[in-house]
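>
Numbering (the working numbering), first residue to last: 114 to 427.
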């Protein structure tokens, strides 16, 4: 009888069929206000990045590698935000907040795939600037269309097998008892405390993968910029220097935004993070960066402004 009881308890334990995403439920009076703000942010991300995609495709003056990568990056930003934002808006609107285990796994997986693709694409963009500034005579030869397409495809696909494997491992854990995720979307760090099995090994592997896919691109970006800056400093004319700096500065700003907030979330020890600060940082790299990306690139770029003027009636 006791054995039967134990197996029944075990059966009750093993299956959490759905989670509750707490999101901003600790601010009950601000639900409508938050919905309004995030709705405006999401629409502006779609419009801003959508416009960048359109002009990089339609304007012949922008048919160069730098803008080919920028168009792809904008598309990636739209995909990346669309993994979390519509769900978050629906939760704020309906107050339901439940998400099935499968939907949670799918969201986590796509979030990682797009996030890693973004890291690699930012690296490719840094490499493009590096070739343009350090080897200007060979630029069109090195960065031909075929190479550009290969670099973009590689950025998109490299992490997929590893990240699907990681997601599978995370969601193979036994979740029992508490099913409230204290976060705005499904992600590994807030999920681990809900598991009833030992998560140490998987947590280590998540950190290792994050280190690998975040740090390696970051080191490559850093190396590219060290080379770029040393080359720029050797340029004889100040106008040449400022032009070279201005083509790199927008990319550098996006890198700092995205990497700064993302690395704090994934590489910081759990104990030093409150759930509220984790939510704020997550919002930063999933919504604020994609919103500012079109602004950073268009306001600091004469070619983009010219293309926008052609596209939009004065």
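For every residue, glycine included, the Cβ atom is placed at its ideal position computed from N, Cα and C.
1. With 8 Å set as the bound, which would you pick, yes or no: does the beta-carbon of residue 372 sit closer than that to a beta-carbon of chain C?
2. Specify, as a first and last residue, the run of the beta strand (DSSP E) that residue 213 falls within.
3. Going by DSSP, name the residue or residues bridged to residue 308.
4. Compute the Euclidean distance between the alpha carbons of residue 311 and residue 218, then round it to the nearest angstrom.
5. So, for residue 432: in the same chain, excluding its five sequence neighbours on each side, which residues have a beta-carbon less than 6 Å away from its beta-carbon?
6. Where are the beta strand (DSSP E) runs, 3 residues long or more, that stay fully inside the region 197 to 274, in chain order?
7. Where residue 345 and residue 402 are concerned, what is the direct C-alpha to C-alpha distance, given to the nearest angstrom?
8. One question on the structure: do residue 363 and residue 418 come within less than 8 Å of each other, judged by their Cβ atoms?
9. Alpha carbons only, please: which of 411, 421, 406, 319 is nearest the one belonging to residue 189?
10. Terminal residues of the continuous beta strand (DSSP E) containing residue 134?
11. Per DSSP, what kind of secondary structure is residue 294 in: helix, strand or coil?
12. Of the choices 210, 367, 360, 390, whose alpha-carbon is the least far from that of residue 241?
13. Measure the Cβ-Cβ separation of residue 157 and residue 404 and say whether it is below 8 Å.
Considering the structure as presented:
1. The structure shown contains no chain C, having only a single protein chain.
2. Within the chain shown, residue 213 is the residue found at index 100, counting from 1. Run containing residue 213: 211 to 213, per the beta strand (DSSP E) assignment.
3. On the chain shown, position 195 is the one that residue 308 refers to. Per DSSP, 288.
4. Residue numbering aside, residue 311 sits at position 198 when the chain shown is read from its first letter. Residue numbering aside, residue 218 sits at position 105 when the chain shown is read from its first letter. Taking the straight line joining both Cα atoms gives about 19 Å.
5. The question about residue 432 has no answer, for the chain in this structure spans 114 to 427.
6. 211 to 213
7. What you label residue 345 is simply residue 232 of the chain shown in a count that begins at 1. What you label residue 402 is simply residue 289 of the chain shown in a count that begins at 1. For residue 345 and residue 402, the distance between alpha carbons rounds to 27 Å.
8. Mapped onto the chain shown, residue 363 falls at position 250. Mapped onto the chain shown, residue 418 falls at position 305. Going by C-beta atoms, residue 363 is not nearer than 8 Å to residue 418.
9. On the chain shown, residue 189 is found 76 positions in, with the first residue counted as 1. Minimum Cα distance to residue 189 is reached at 406.
10. The residue you call residue 134 lines up with position 21 of the chain shown. Segment 131 to 134, the beta strand (DSSP E) holding residue 134.
11. Working through the chain shown from its first residue, we reach residue 294 at position 181. Correct three-state label for residue 294: strand.
12. Counted from its first residue, the chain shown places residue 241 at position 128. Selected option, being the one with the closest Cα: 360.
13. Reading the chain shown from its first residue, position 44 is the one you call residue 157. Reading the chain shown from its first residue, position 291 is the one you call residue 404. In this structure, residue 404 lies closer than 8 Å to residue 157 by Cβ.
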